[in-house]
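Take a look at the structure set out below.
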Amino acid sequence: MSSRNMTILVLLAVGIFIVSNALYVIKETERGVLLRFGEVVNPDISPGLHWKIPFVNNVRKFEGRVLTVDSQPERFFTQEQKALIVDSYAKFQVSDTAKFYTATNGEEARAAGLLAQRINDGLRNQVAVRSVQEVVSGERDQLMEDITRVLNDVALAELGVRVVDVRVKKIDLPPDVSESVYRRMNAEREKEARELRSQGQELAEGIRAAADREVTVIIANAYKESEQIRGQGDALATSIYADAFNQDPEFYSFTRSLRAYQESFQGQGDVLLLKPDSEFFRYLKDSKGGS
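Residue numbering for the sequence shown follows the numbering used here, beginning at 25 and increasing consecutively.
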C-alpha cells in the first residue's frame with residue numbers, strides 16, 4: 025500500500041473518530057448537561073441529536089423518569105414519647121439538572137442516600153408532634169402530605185430533585201414494647217367485654233322483670249274478668265231459676281226431689297237412714313206432695 029493511501033486511511037479514521045465524539049443523542053427519558061472542562065455550559069439539553077467539541081465538551085446524562093428511594097426502617101418517637109418503627113419510601117424526579125449534578129456529581133445512588141436522610145429527618149419531625157393514633161390512622165394522610173410538601177422544598181433547593189410522593193409502607197412497635205402494648209390492649213378489651221356483659225345482664229333483668237309484671241297484670245285482669253263473667257252467669261242462672269220457681273213452685277219442688285232421689289240411689293250399696301216423716305219422702309208418700 026502506498027504512503028498516499030495510508031495517509032488517506034489515517035485521515036479517514038481520525039475524521040470518523042472526531043465525528044463520533046462530536047455527536048450525541050439525548051433520549052426522551054433522559055436529562056443531560058453539557059460541560060466544558062467540567063463547567064456546566066448547558067444545564068438542560070433538549071431531547072434529540074446534538075453535537076459537541078471533542079476533548080473540550082463532555083455530556084452527563086441522567087434518568088429523567090420518576091425514581092424510587094427506599095429508606096431503611098427507623099425508630100421515631102411520638103408526642104407521648106412512644107417509639108414506632110416506620111418503614112417508608114419516596115418517589116422523586118430530577119428537576120434542576122445543574123444543581124443535581126453539582127450536589128451529587130450526577131450519581132443516582134448518592135442522590136437516593138441524601139434524600140433518604142432528609143426523609144427520615146422529615147418523618148422524625150412530623151411524628152414527634154403527633155400521637156400514636158394520629159400517626160397510625162387518624163392523621164396519616166395529612167402526615168404524608170405535610171412531609172411531601174416540606175421535603176420537596178428542601179430537596180429542590182439542595183439536590184435539584186422534585187419529590188413526587190412520600191409513603192409509609194409499614195408502622196410497627198419495637199419488640200421490647202410490643203408485648204406490653206398487647207397486654208394492655210387485651211386488658212382494655214376484657215374490661216370493655218365485662219362492662220358490656222354487665223350492661224346486658226342488667227338489661228336482661230329489666231326485661232324479665234317487666235315481662236313478669238306484665239304477666240301478673242294480665243293474669244289478674246283475666247281473673248277479674250272471669251269472676252265478673254261468672255258472677256253475671258250465676259246471677260242470670262239464679263234469675264232464671266227464680267222465674268221458673270215463681271211460675272210453678274210445686275212443680276219445681278217436685279223436679280228437685282226427683283233429682284235428689286236419682287242422685288241418692290245411684291249406688292247399689294248405698295244406705296240412707298232417715299226418719300219416716302222426713303221431707304225427703306214427701307213425694308214418695310203422696311205424688312201431689314201433701315204432708
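Beta carbons are placed, not taken as given, at the ideal position from N, Cα and C, and that holds for glycine.
- In the structure shown, residue 177 adopts helical secondary structure according to DSSP, grouped into three states.
- Excluding sequence positions up to five before and after residue 170, its CB lies within less than 8 Å of the CB of 150, all in the same chain and listed in chain order.
- Relative to residue 166, the option among 180, 104, 179 and 189 whose CA is nearest is 189.
- Between residue 118 and residue 56, the gap from beta carbon to beta carbon reaches 8 Å or more.
- Counting only residues of its own chain and dropping the five nearest sequence neighbours on each side, residue 112 has a CB closer than 7 Å to the CB of 95, 143, 147, 190, 191, 192 and 193.
- Around the CB of residue 101, fewer than 16 other CB atoms lie within 10 Å, so the residue is classed as exposed.
- 8 Å or more divides the Cβ of residue 58 from the Cβ of residue 49.
- In the three-state DSSP reduction, residue 280 falls in the helix class (H, G or I).
- Bridge partners of residue 117 according to DSSP: 186.
- Residues of the same chain with a CB within less than 7 Å of the CB of residue 82, apart from the 5 flanking positions on each side, are 59 in chain order.
- When the alpha-carbon of residue 126 is set against those of 62, 88 and 140, the nearest one is in 62.
- For residue 71, same chain residues with a beta-carbon under 8 Å away, outside a window of 5 residues either side, are 50, 51, 52 and 54 in chain order.
- For residue 221, no pairing in a beta bridge is given by DSSP.
- If you compare the alpha carbons of 139, 178 and 124 with that of residue 86, the shortest gap goes to 124.
- Taken through DSSP and simplified to helix, strand or coil, residue 275 comes out as helix.
- Boundaries of the beta strand (DSSP E) harbouring residue 82: 81-87, taken from the DSSP string.
- Under the DSSP assignment, residue 98 falls in the beta strand (DSSP E) whose first and last residues are 98-101.
- In the three-state scheme derived from DSSP, where H, G and I count as helix and E and B as strand, residue 192 is classed as strand.
- The alpha carbon of residue 138 has as its nearest neighbour, out of 152, 180 and 103, the alpha carbon of 180.
- In the DSSP assignment, the residues bridged to residue 60 are 63 and 81.
- Taking 8 Å as the cut-off, the beta carbon of residue 108 is found no closer than this to the beta carbon of residue 75.
- Taken atom to atom, the span from the alpha-carbon of residue 103 to that of residue 153 is near 5 Å.
- Under the DSSP definition of a beta bridge, residue 54 partners with 87.
- One Cα belongs to residue 283, the other to residue 269, and the distance between them is close to 15 Å.
- Assignment of residue 160 by DSSP, reduced to helix, strand and coil, places it in the helix class.
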